[in-house]
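Reading through the structure tokens given below for one structure.
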Amino acid sequence: MNCNEAERMIPLFLEDELDTDELKAFKTHIENCEDCKEELSIQFLVTVGLDRLESGGDFDLQRELASRMDNANHRLQFGENMQWLLYVLEGLVGLALLILIVMFLIL
Ligand SMILES: [Zn+2]
């Protein structure tokens with residue numbers, strides 16, 4: 003992913019509208035690119051921060067953004083666990099089929 007793509011994804015990230023693959027690529031880029039990290043902070047401040055200021059609540063940009071990234075990590079973790087579960091299930095189905103075929107051949 004390049005910086006243009008990452009910047010296009012920032013609003014989607016803030017709206018929670020990236021799918022797992024996009025989120026993963028986006029996060030990897032943000033973690034390795036100071037420019038985009040800064041751009042994310044700015045857009046986060048503008049979209050979320052202004053909302054928060056209007057409603058008069060306390061607002062800690064760094065903390066909120068960190069927890070946003072944390073949530074993304076949890077989602078990715080969950081997605082990876084699900085993927086793993088799917089592989090296991092596929093493996094089991096494959097194994098069951100194999101057993102059926104072997105039984106069929108023996109009988
Ligand atoms: Zn970048």
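Throughout the sequence shown, residue numbering follows our numbering, covering 3 to 109 in sequence. For glycine and all other residues, C-beta sits at the position ideal for the given N, C-alpha and C.
Please determine whether the Cβ atom of residue 27 lies at a distance below 7 Å from any heavy atom of ligand 1. no
Give me, in chain order, the residues of the same chain whose beta-carbon lies closer than 7 Å to that of residue 5; leave out the 5 immediate sequence neighbours on both sides. 35, 37, 38
Assign residue 68 to one of two classes, buried (16 or more other C-beta atoms within 10 Å of its C-beta) or exposed (fewer than that). exposed
Taking 8 Å as the threshold (C-beta atoms), are residue 100 and residue 50 in contact? no
In the structure shown, what three-state DSSP assignment does residue 60 receive? coil
Between the Cα of residue 12 and the Cα atoms of 106, 53, 91, 70, which residue gives the shortest distance? 70
Around ligand 1, what residues have a beta-carbon under 6 Å from a heavy atom of it, in chain order? 5, 8, 31, 35, 37, 38
Cβ separation of residue 54 and residue 61, assumed to be a contact under 8 Å, to the nearest whole Å: 4 Å
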